[in-house]
Amino acid sequence: MPHVTLTVNGKSHTVDVEARTLLVELLREKLALTGTHVGCDTSQCGACVVHVDGTSVKSCTMLAVQADGADVLTIEGLAAADGTLHPMQEAFREHHALQCGFCTPGMVMSAIDLVMSHPQGLTEAEIRHGLEGNLCRCTGYHNIVKAIAAAWPVMHGRELVAAE
Amino acid sequence: MYDFTYEKPTEIASATAILGKDDEAKALAGGQTFIPVLKQRLNKPTVVVDLAKLGLSGITVTPTTVTIGAMTTHAAVADSAEVAHAIPGLAHLASMIGDWQVRHRGTIGGSLANNDPSACYPAAVLALGATITTDRRSISADDYFQGMFTTALEQGELITSVTFPVPVASSYLKFKNPASRYAMVGVFIAKFDTGVRVAVTGASQSGVFRHTAFEAALSTNFTADAIAKIATPADGLNSDIHASADYRAHLIGVMARRAVAAAK
Numbered sequence: 031m032p033h034v035t036l037t038v039n040g041k042s043h044t045v046d047v048e049a050r051t052l053l054v055e056l057l058r059e060k061l062a063l064t065g066t067h068v069g070c071d072t073s074q075c076g077a078c079v080v081h082v083d084g085t086s087v088k089s090c091t092m093l094a095v096q097a098d099g100a101d102v103l104t105i106e107g108l109a110a111a112d113g114t115l116h117p118m119q120e121a122f123r124e125h126h127a128l129q130c131g132f133c134t135p136g137m138v139m140s141a142i143d144l145v146m147s148h149p150q151g152l153t154e155a156e157i158r159h160g161l162e163g164n165l166c167r168c169t170g171y172h173n174i175v176k177a178i179a180a181a182w183p184v185m186h187g188r189e190l191v192a193a194e
Numbered sequence: 002m003y004d005f006t007y008e009k010p011t012e013i014a015s016a017t018a019i020l021g022k023d024d025e026a027k028a029l030a031g032g033q034t035f036i037p038v039l040k041q042r043l044n045k046p047t048v049v050v051d052l053a054k055l056g057l058s059g060i061t062v063t064p065t066t067v068t069i070g071a072m073t074t075h076a077a078v079a080d081s082a083e084v085a086h087a088i089p090g091l092a093h094l095a096s097m098i099g100d101w102q103v104r105h106r107g108t109i110g111g112s113l114a115n116n117d118p119s120a121c122y123p124a125a126v127l128a129l130g131a132t133i134t135t136d137r138r139s140i141s142a143d144d145y146f147q148g149m150f151t152t153a154l155e156q157g158e159l160i161t162s163v164t165f166p167v168p169v170a171s172s173y174l175k176f177k178n179p180a181s182r183y184a185m186v187g188v189f190i191a192k193f194d195t196g197v198r199v200a201v202t203g204a205s206q207s208g209v210f211r212h213t214a215f216e217a218a219l220s221t222n223f224t225a226d227a228i229a230k231i232a233t234p235a236d237g238l239n240s241d242i243h244a245s246a247d248y249r250a251h252l253i254g255v256m257a258r259r260a261v262a263a264a265k
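Residue numbers (this note's numbering), protein chains in the order written: chain F, 31 to 194; chain X, 2 to 265.
Dropping the structure here:
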């Protein structure tokens, strides 16, 4: 059985998995990190989004063995040890960007990648386009978009100037 | 998914050796189509050969060509300022494949080896007259695509890179299925000094094809008006729950005219 050695939320793990094990299965079933959700299982909904080597990916569409040697960040790795929320989590809370919460872990992970990969700024249209791989059936997206715009200046330490 | 043996070779020769000796061995590029196929048990490979460590990603731009390594992701092509400058239609095409997370993993080589009849990249490769380089030869785009999910690749043959000639102007427009984001109709237009090439994806039962009637008209007069009166026959086009063959035939004209107007 293949060994996979990877870093998850700053902690190194070596796990034996079948080759067919998905990354999300490794996270949820082997490491008990059940914050990462499986919604559609067909690569569409984005509930399973995590960061692999700093980039957002759908962990239901990646084999665990492909993540050998990788640095993985999940929703559990965001808040500080004392419980202080990541600025994106705080913005989601403040702007009521969730209702049932099922899509939220994937939304937050996609949103953080979106903000960090757009240091020059983000328009509302770019935020909406950037969320095309994440489905939410409760909020109508409006408050999620507001939360991401609100988190941008906190994460970059300067004002977000709308270019639209 | 059925279980399989996983191999992650570091040399192309090792990968082709494994794939060449076993008809049931499969190559894994970005996996954004292949892994869903495995999850649905539509394929039962004995061995999955991961191409990630073969050093096949990267983009090289010269004044006359853009060469993209087979394992280069859609996101890397979409974000490349050099590609956007040389072949704007190609960068735009890459930016509209799937969604952002899919673009972070999906690769040009994987898309071309699979040759989904609704995939975007085949339209760019055929319209631009690109050359597909494999571990053993070069294949012209006109010879490469051989029908839905069918290509000129032999068992065990791996795409290593794709070289696109830089056109005078290009554009790609697709009418996408809002759920899958695959092309219901996608039209790539490439204008060269020697003439215009037009490729259509998403529409035909036999995969990507060149629209020779549009090419002839646009090579004489590169305006949307030049093709406004050319009807596309619905024979051989897909009819499904998303669109009838007649609807797709009409869309080909609409998307082509918009693509001509947008070419730069």
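For every residue, glycine included, the Cβ atom is placed at its ideal position computed from N, Cα and C. These numbers were taken from a predicted model, which means no experiment stands behind them.
is_contact[residue i, chain F] using C-beta, thresh 8 Å
| i | result |
| --- | --- |
| X:Lys-177 | no |
| X:His-105 | yes |
| X:Gln-206 | no |
| X:Pro-46 | no |
| X:Lys-40 | yes |
| X:Ala-95 | no |
| X:Asp-51 | yes |
| X:Thr-6 | yes |
| X:Tyr-3 | yes |
| X:Ile-109 | no |
| X:Gly-254 | no |
| X:Gly-59 | no |
| X:Ile-190 | no |
Minimum Cβ-Cβ distance from residue i to chain X less than 8 Å
| i | result |
| --- | --- |
| F:Ala-97 | no |
| F:Lys-88 | yes |
| F:Met-146 | no |
| F:Val-79 | yes |
| F:Pro-201 | Nothing can be reported for residue 201 of chain F: it is not among the residues displayed for chain F, which extend from 31 to 194. |
| F:Glu-162 | yes |
| F:Glu-156 | no |
| F:Ala-49 | yes |
| F:Ser-42 | no |
| F:Thr-104 | no |
Limits of the alpha helix (DSSP H) - the one that residue i falls within
| i | result |
| --- | --- |
| X:Leu-127 | 122-128 |
| F:Glu-156 | 154-160 |
| X:Arg-198 | Where X:Arg-198 is concerned, there is no enclosing alpha helix (DSSP H), although the beta strand (DSSP E) it sits in stretches over 196-202. |
| X:His-105 | 101-106 |
| X:Thr-17 | 13-22 |
| X:Leu-113 | 109-115 |
Beta-carbon proximity list for residue i, same chain, < 7 Å, skipping 5 on both sides
| i | result |
| --- | --- |
| X:Leu-29 | Phe-35, Val-49, Val-50, Asp-51, Leu-52 |
| F:Glu-48 | Met-31 |
| F:Asn-173 | His-125, His-126, Ala-127 |
| F:Cys-168 | Gln-129, Cys-130 |
| X:Thr-73 | Ser-58, Gly-59, Ile-60, Thr-108, Ile-109 |
| F:Val-175 | Glu-154, Ile-157, Arg-158 |
| X:Ala-225 | Arg-258, Val-261, Ala-262 |
| F:Asp-83 | Ala-100, Asp-101 |
| X:Lys-40 | Met-2 |
| F:Trp-182 | Val-145, Leu-152, Leu-190 |
Span of the beta strand (DSSP E) around residue i
| i | result |
| --- | --- |
| X:Val-84 | That residue, X:Val-84, is in no beta strand (DSSP E); its alpha helix (DSSP H) goes 82-87. |
| F:Arg-123 | Premise fails: F:Arg-123 lies in the alpha helix (DSSP H), 117-124, not in any beta strand (DSSP E). |
| X:Leu-39 | Taken as a continuous stretch (DSSP letters only), X:Leu-39 belongs to no beta strand (DSSP E), being part of the alpha helix (DSSP H) at 35-40. |
| F:Asp-143 | First-last for F:Asp-143: 134-146, but that is the alpha helix (DSSP H), not the beta strand (DSSP E). |
| X:Ser-139 | 139-141 |
| F:Ile-178 | Not the beta strand (DSSP E): F:Ile-178 falls in the alpha helix (DSSP H), residues 172-186. |
| X:Pro-8 | According to the sequence as given, residue 8 of chain X is Glu; it is not Pro. That run of the beta strand (DSSP E) goes 6-8. |
| X:Thr-61 | 60-62 |
| X:Ile-69 | 66-70 |
Same chain only: Cβ atoms within 6 Å of residue i, ignoring 5 sequence neighbours per side
| i | result |
| --- | --- |
| F:Met-163 | A small correction: the amino acid at residue 163 of chain F is Gly; Met does not occupy that position in the sequence shown. The residues are Gly-76. |
| F:Met-185 | Pro-117, Val-145 |
| X:Pro-37 | none |
| X:Ala-95 | His-75, Val-78, Ala-79 |
| X:Ala-191 | Ala-128, Leu-129, Pro-168, Ser-171, Arg-198 |
| X:Ala-85 | Ala-92 |
| F:Gly-160 | Leu-144 |
| X:Asn-44 | Val-38 |
Spatial neighbours of residue i in its chain, beta-carbon cut-off 8 Å, leaving aside the 5 residues before and after
| i | result |
| --- | --- |
| X:Gln-156 | Leu-20, Gly-21, Asp-24 |
| F:Ala-97 | Val-34, Leu-36, Leu-53, Leu-56, Val-82 |
| X:Thr-1 | In the structure displayed, chain X extends from 2 to 265; residue 1 of chain X sits before or after that span and is not available. |
Within the segment 155-189 of chain X, note down every full beta strand (DSSP E) run reaching 3 residues or more, in order along the chain. 160-166, 170-177
Check whether the segment 183-194 of chain X touches the segment 107-125 of chain X, taking contact to mean three or more Cβ pairs, one atom from each stretch, closer than 8 Å. yes
Contact between the segment 189-200 of chain X and the segment 211-220 of chain X (3+ Cβ pairs under 8 Å): yes
Closer than 8 Å is the cut-off here; do at least three beta carbon pairs connect the segment 133-143 of chain F with the segment 75-85 of chain X? no
Stretch-stretch touch, CB-based, cutoff 8 Å, three pairs: the segment 49-63 of chain F with the segment 3-23 of chain X: Look at the beta carbons and you see the segment 49-63 of chain F touching the segment 3-23 of chain X: at least three pairs across the two are nearer than 8 Å.
Below 8 Å, can you find three or more Cβ-Cβ pairs linking the segment 82-96 of chain F to the segment 106-114 of chain F? no
Inter-stretch contact (C-beta, 8 Å, three-pair minimum) for the segment 122-136 of chain X and the segment 148-164 of chain X: yes
Complete beta strand (DSSP E) runs within the segment 43-113 of chain F (minimum length 3 residues, chain order): 79-82, 85-88, 101-103
At 4 residues or longer, and completely inside the segment 187-264 of chain X: list those alpha helix (DSSP H) runs for me, N to C. Counting only runs of 4 or more, we get 213-221, 246-263.
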